[in-house]
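Colleague: Attaching a single structure in structure tokens format; questions to follow.
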Amino acid sequence: MLLDDKVAVIHGGGGSIGGTAARVFAREGARLFLAGKSLPRLEAAASVARAEGAEVSIAVVDAMDQAAVDRHVDEVADAAGRIDIALNAVGFDHVQGLPIAETSLEDYLHPVVGYLQTNFVTAKAVSRHMIARGSGVILTISTPGARLTGRGLIGNAAQSAALEGFSRALAGELGPDGVRVVCVRPHAMSDALATSYTQEMFGRIADAGGIPWDEWLTGLVGMTLLGRLPVLDEVAEYLAFAASDRAASMTGAIANLSAGALVD
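For the sequence shown, this note's numbering begins at 3 and goes up steadily by one.
Set out below in structure tokens:
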């Protein structure tokens, strides 16, 4: 198994990506610690992961709060003896689709501050333990907005590009200590639309453009070379590989899982 005997912390563990990653990590042998703000969603994700035979612990933790995350991460390290993998799968609804003239400063900064703060907080917390052991993998999630252009993308573009830059810089800082950092950049996942904030967010974009939802989604699919959007399992499977020893030479990488919406 890819992650046999690995200890993994997933922030946003009750969300669409976090919960799917938990199931795949569990199947691959990891011991899981899921953290998030919704106890019911954490319990649901833990139940699925336990069905794969994994040992799973859950905790309600605000991934924006450094003290709270530090306490939880220290508890995990005390309980498990180490932290091998840390995935931040925290997501935020935010404004897209509006021109700058109609976008408030608050709406512009909301995803920028939110995503950068939570990833800084969780990476800082786990890196202390990984540096002490001389090993570990930190996984971050970006979006195609880092490389796209067009009306209504300024907040998402700034957030995604900054998170990718953060991930590269962190890889350079932690590499000498044996810690890898990999950023995964999936497109919108077709099977996550109904279970996350994305359908509501994209629906607002379609409404702002006066385009029916189904037509807008067809246009999004048409941007991909594969003629489809990625699915959650594909993203989770890649995350498991990137976290495994089979990817031991991979760090500072931005993985393009956009189904060809972007070509590197």
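Beta carbons: idealized from backbone N, C-alpha and C, even for Gly.
Please state the DSSP three-state secondary structure of P42.
Modeller: Locating residue 42 in the sequence shown gives position 40, where the first residue counts as 1. Correct three-state label for P42: helix.
Colleague: Please report the straight-line C-alpha distance between A32 and I102, rounded to a whole angstrom.
Modeller: On the sequence shown, residue 32 is found 30 positions in, with the first residue counted as 1. On the sequence shown, residue 102 is found 100 positions in, with the first residue counted as 1. Approximately 44 Å between the Cα atoms of the pair.
Colleague: When you compare only the Cα positions, how much space is there between N258 and L264?
Modeller: The count along the sequence shown starts at 1 and reaches residue 258 at position 256. The count along the sequence shown starts at 1 and reaches residue 264 at position 262. Cα to Cα, the separation comes out at about 7 Å.
Colleague: State the start and end residues of the unbroken alpha helix (DSSP H) segment that holds A263.
Modeller: On the sequence shown, residue 263 is found 261 positions in, with the first residue counted as 1. Element bounds for A263: n/a, residue is neither H nor E.
Colleague: Which of the three DSSP states is assigned to F243 in this structure?
Modeller: Along the sequence shown, read from residue 1 onward, the residue named residue 243 stands at position 241. Helix.
Colleague: With a threshold of 6 Å on Cβ separation, who are the neighbours of S162 within its own chain once the five nearest residues in sequence on each side are excluded?
Modeller: For this step, residue 162 is matched to residue 160 along the sequence shown. The residues are S144, T145, G147, A148.
Colleague: For F94, which residues from the same chain have a beta carbon less than 8 Å from its beta carbon, with the 5 sequence-adjacent residues on both sides left out?
Modeller: The residue you call residue 94 lines up with position 92 of the sequence shown. Excluding positions up to five away in sequence, the list reads H112, P113, G116, Y117, Y199.
Colleague: Buried or exposed for S18, please, with buried defined as at least 16 other CB atoms from any protein chain shown within 10 angstroms of its CB.
Modeller: Along the sequence shown, one-based indexing puts residue 18 at 16. With 16 or more Cβ atoms within 10 Å of its Cβ, S18 is classed as buried.
Colleague: Tell me where the beta strand (DSSP E) around R187 begins and ends.
Modeller: Translated into the one-based positions of the sequence shown, residue 187 becomes position 185. That run of the beta strand (DSSP E) goes 181–188.
Colleague: Can you list, in chain order, the residues of its chain whose CB lies under 6 Å from that of A88, leaving out five sequence neighbours each side?
Modeller: Numbered from 1 along the sequence shown, position 86 holds the residue referred to as residue 88. These residues qualify, in order along the chain: V11, V128, I140.
Colleague: Where L222 and D80 are concerned, what is the direct C-alpha to C-alpha distance, given to the nearest angstrom?
Modeller: One-based indexing of the sequence shown puts residue 222 at position 220. One-based indexing of the sequence shown puts residue 80 at position 78. L222 and D80: Cα-Cα distance of roughly 45 Å.
Colleague: Taking the runs of the alpha helix (DSSP H) that are 4 residues or longer, which of them lie wholly in the stretch 25–112?
Modeller: Listed in chain order, they are 41–52, 68–82.
Colleague: With distances taken between CB atoms, is the gap from V71 to T124 smaller than 8 Å?
Modeller: To locate residue 71, count along the sequence shown from 1; it is residue 69. To locate residue 124, count along the sequence shown from 1; it is residue 122. For V71 and T124, yes; Cβs fall inside 8 Å.
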